[in-house]
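Chemist:
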Amino acid sequence: MPRMEIDAPGAAGPYSNETRHIPSMPRIYTRGLRPLEPNMPNLDTRTLPRHVAVIMDGNGRWARKKMMNRVRGHEEGAESVRDIVRTSREIGIPYLTLYAFSEENWKRPAMEVQALMTLLKRFLKSELQEMLDNGIRLQTIGRTHKLPDHVRNVLADTMEKTSSNHDMVLTLALSYGGRQEIVDGVTRLAQRVREGEIAPSGISEEILSQCLYTAGMPDPDLLIRTSGEFRISNFLLWQIAYSEIYVTPTLWPDFRKEEYLSAIADYQKRERRFGATSEQLSGGGDLP
Ligand code: FPP
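Residue 144 in numbering that gives the first Met the number 0 is what sits at position 145 of the sequence shown, and the numbering runs on without skipping anything.
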C-alpha cells in the first residue's frame, strides 16, 4: 500500500482556500477553539484526532424498533455514513475508517449480504462526485478479493478516480477481520524473511505495522462504537493499542453529526498518557 501524504489537522491542506468544499457547509479556517455552529460543541481544531475509526452497529435493532426489515436499517445506516464522512471532512479529520462489512458478516442470510453489497455500490456511485469535490480518497482494507465482481469493479473505479485526492482518506473495512489481517501481515513478513530482506532479529513493531493492510496510516486516535456493546468485534486489533474508545448506546442509523462532534469533544477532554504519568506529560517529570 503506498504511503499517504496527508497534512496534519490545521496545516494547509484541509483548510486551504483552494480546497473545493461541500456546498452549504461552514468552512473552518481559524485554528484554536471555536464553535462550529450554534448548538454544536466547541472543538479545538489543534487537537482533533488524526484518525477516527468507527464500528457502526445497531442497524438491525433500529429497524426492529420501527417494525421494519433489517435492510431498511442498513439503508438508514448508509445515511449516517454520508453524514459522518461529510462532517469529518468539514472539520478536518484526515483519516476516517468505517467497519462496513466484517469477515464474520458473510455468515448472515444471503439476502442480507446481497442487500449490503447493493447498498455499498449505490453509496459509492452516489458519493463519487462529492468525494471528488472535497478531496476525499477512497481505499479499502480487508480480504476484498472475496467481494462479488460487480462490487469490486465499482470499488476499483472509485479508488482509481479518487486516487489523487489528498485532503482526507476514507477507508472502508470490507470482508475485514483484525485477526485475519495479522495472519496476512505475518505471512507477508515471513516471505520477506525467507527472501533475506529482513533478519528475524530485525523484526520490530514498525516492520510488522508496514505489513498490515493499514501500512502508512496513523493508528486510530479515537474508536467509536455505536449501539452500546462494549466489544471490539475483531476490528483493527493491532492498531487500537492506544486508541481512546467512545461507546454510545445510540444505534448507528441515529448517530449523526451532533453526536459525532460530542464524541470528538469528549476525546479532546481526555489525557492520553501512552503509559507515561500525568506529571511527565505536563513537564513535571522526566520522560525517558
Ligand atoms: C451492523 O448493524 C452494521 C453492519 C453489519 C454493516 C454496516 C453497514 C452500513 C452502515 C450500511 C451501508 C454501508 C456503507 C459503507 C454504505 P447490525 O446489522 O449488526 O445491527 P444489529 O446488531 O442491531 O443487528
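Using N, Cα and C, we set each Cβ at its ideal position, and we do this for glycine too.
Taking only heavy atoms of the ligand FPP into account, decide whether any of them is closer than 7 angstroms to the Cβ of Phe122.
Modeler: Yes, the ligand FPP has a heavy atom inside 7 angstroms of this Cβ.
Chemist: CA-CA distance, Leu123 and Gly72?
Modeler: So the alpha carbons of these two residues sit roughly 18 angstroms apart.
Chemist: To the nearest angstrom, how far is the alpha carbon of Ile181 from that of Ile239?
Modeler: Rounded to whole angstroms, Ile181 to Ile239 spans 13 angstroms at the Cα level.
Chemist: How far does the beta strand (DSSP E) with Leu236 in it reach, from first residue to last?
Modeler: Where Leu236 is concerned, there is no enclosing beta strand (DSSP E), given that its DSSP letter is neither H nor E.
Chemist: For Ser101, list the residues DSSP reports as bridge partners.
Modeler: Looking at the DSSP assignment, Ser101 forms a beta bridge with Tyr175.
Chemist: Might you give, ordered along the chain, the residues of its own chain that have their beta carbon closer than 7 angstroms to the beta carbon of Arg272, omitting 5 neighbours on each side?
Modeler: Same-chain partners within the cutoff: Leu280.
Chemist: With DSSP as the reference, identify every bridge partner of Gln138, one or two as the case may be.
Modeler: Answer by DSSP bridge pairing, in chain order: Thr170.
Chemist: Quick one: Cα of Thr117 to Cα of Pro108, how far?
Modeler: If you take the alpha carbons of Thr117 and Pro108, they lie about 14 angstroms apart.
Chemist: Taking the alpha-carbon positions, what's the Asp218 to Met66 distance?
Modeler: Those two C-alpha atoms are separated by around 39 angstroms.
Chemist: Taking 8 angstroms as the cut-off, decide whether the C-beta atoms of Arg224 and Ile83 are in contact.
Modeler: Not closer than 8 angstroms, so no.
Chemist: Just to confirm my understanding: we take Met24, look at its own chain, exclude 5 residues before and 5 after, and list those with CB closer than 6 angstroms. What are they?
Modeler: Only weak support is given to the placement of Met24: the predicted model assigns it a pLDDT of 39, under 50, and the value that follows is read from those uncertain coordinates. The answer, listed in chain order, is Glu89.
Chemist: Using 8 angstroms for Cβ pairs, my map puts Ala214 next to Tyr98. What's the rounded Cβ distance?
Modeler: Contact flag wrong, Cβ pair sits at about 19 angstroms.
Chemist: Which residue's Cα is closest to the Cα of Asn102: Trp251, Glu278, Gly141?
Modeler: In the sequence under discussion, the amino acid at residue 102 is Glu, which differs from the Asn named in the question. Nearest of Trp251, Glu278, Gly141 to Glu102, Cα basis: Gly141.
Chemist: Less than 8 angstroms separating the beta-carbons of Leu47 and Ile263?
Modeler: Yes, the pair counts as a contact, with Cβ atoms nearer than the cut-off.
Chemist: Tell me the residue span of the alpha helix (DSSP H) that contains Tyr245.
Modeler: Element bounds for Tyr245: not the alpha helix (DSSP H) but the beta strand (DSSP E), 243-246.
Chemist: Is the beta carbon of Asn164 less than 8 angstroms from the beta carbon of Ile202?
Modeler: No, they are not a contact pair.
Chemist: Check Arg224 in the structure and name its three-state DSSP category.
Modeler: The answer is strand: DSSP assigns Arg224 an E or B state.
Chemist: For the ligand FPP, is there a heavy atom less than 7 angstroms away from the beta-carbon of Trp105?
Modeler: No, since every heavy atom of the ligand FPP falls outside the 7 angstroms radius drawn around the Cβ of Trp105.
Chemist: When the Cα of Gly59 is compared with those of Thr249, Thr139, His149, which residue comes out closest?
Modeler: Ranking Thr249, Thr139, His149 by Cα distance to Gly59 puts Thr249 first.
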